[in-house]
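Participant: Below you will find the structure I want to go over with you.
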Amino acid sequence: MAALDAFDYKEPACPLCDGKDFYYPDPDAPAGRVPVAQVIDKLDGLLAKEDNAGAKRLLTYWAAEAQALRDKRGELSVQSEIMGLARKTGDRDWGMAAVERGLALIDALGVGGLVSAATILLNAATTCKAFGDPHRALALYARVEAVYETQLPANDLQRAGLYNNKATALAEIGRFEEAQQLYARAYAVLEQNPHTEPDRAVTKLNLADLLAAAGQGEQAVEEKLKEALALLDDPAAVRDGYYAFVCRKAAQAFGYYGFFRIRKELDERADRLYAGT
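Position 101, counted from 1, in the sequence shown is what this note's numbering calls 119; the numbers after and before it change by one each time, with no gaps.
See the structure below:
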């Protein structure tokens, strides 16, 4: 006796559909979706208060929930946020696990040629660089560049992010001239967009580090630091959570180079913003 087929005993869910999903359900189909927009909104609120521990709990929960729901796209978004937070907190194991999972999800979904996925690859590359693997970072940046250079306008801010981050990886392995050229390209893109003072300040800080590593002398380094501070002092700069984050980053840089008064002032500026005052 022949085995019964599902068509022999199931009733169609809908008389207007072909019955494929009903008779032969995809075992990998999502059982639900992660509310990505709401998760990111909640995450932004926690980061605005510098509640990194709360942010980690939030992302850990939703990464597990996405896996339970088989929501690969939702999980990919969550893993990308994990990469960024792990860099901020210095949590190497958590961050690199997110990189590996994120890359696997991009391959599984077959979306590596999309700008949205390339942006997650950029995040993964920056995480690799932050945790001591600039060569792997550069390989990932090449994948990002192949997408950005063909699909984004010349003045798109995402290009500036790519150039800045790729430059830091190049500088780390001593390719200073290439890095300096990329910083210049990043700055040129930023100048074409409004309210980019904090990002331009970060570029100047990166240039200061590059010049120091290349042995260009204290005067050249101090000049870039002063330019960074001028950008942070610019009245046009929007004083929000991201500005506070950049102030904290800049404070560390000024402290490293011995400008302790400026470090204190920038830290206090960040404290006030995080406290909402």
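All C-beta atoms, glycine included, are put in the ideal place defined by N, C-alpha and C. The structure displayed is predicted, hence computed values, not measured ones.
(1) Measure the beta-carbon distance from residue 133 to residue 92 and round it to whole angstroms, keeping in mind my assumption that it falls under 8 Å.
(2) For residue 33, is the classification buried or exposed, using 16 other Cβ atoms within 10 angstroms of its Cβ as the cut-off for buried?
(3) Locate the alpha helix (DSSP H) running through residue 237, then write down its first and last residues.
(4) Straight-line CA distance for residue 62 to residue 200?
(5) State the Cα-Cα distance for the pair residue 216 and residue 255, rounded to the nearest angstrom.
(6) Given a cut-off of 9 Å, decide if residue 161 and residue 139 are closer than it, judged by their beta-carbon atoms.
(7) For the pair the stretch 79 to 96 and the stretch 118 to 137, tell me if three or more CB-CB distances fall below 8 Å.
(8) Rounded to whole angstroms, how far is the Cβ of residue 244 from the Cβ of residue 225, which I believe are closer than 8 Å?
(9) Please report the residue range of the alpha helix (DSSP H) in which residue 152 lies.
(10) Relative to the C-alpha of residue 213, which candidate in 228, 188 and 251 has its C-alpha closest?
(11) What's the call for residue 280, buried or exposed, on a 16-neighbour Cβ count within 10 Å?
(12) In three-state terms, what does DSSP make of residue 68?
(13) Less than 9 Å between the beta carbons of residue 101 and residue 137, yes or no?
(14) If you follow the alpha helix (DSSP H) that residue 132 is in, where does it begin and where does it stop?
Facilitator: From the atom records:
(1) 18 Å between Cβ atoms; not a contact.
(2) Bear in mind that the predicted position of residue 33 carries a pLDDT of just 49, short of 50, making it unreliable; the figure below should be weighed with that in mind. Residue 33 should be labelled exposed.
(3) 236 to 251
(4) 29 Å
(5) 7 Å
(6) yes
(7) yes
(8) That belief does not hold up - the Cβ atoms of residue 244 and residue 225 are roughly 12 Å apart, past 8 Å.
(9) 152 to 169
(10) 251
(11) buried
(12) coil
(13) no
(14) No alpha helix (DSSP H) contains residue 132, which DSSP labels as neither H nor E.
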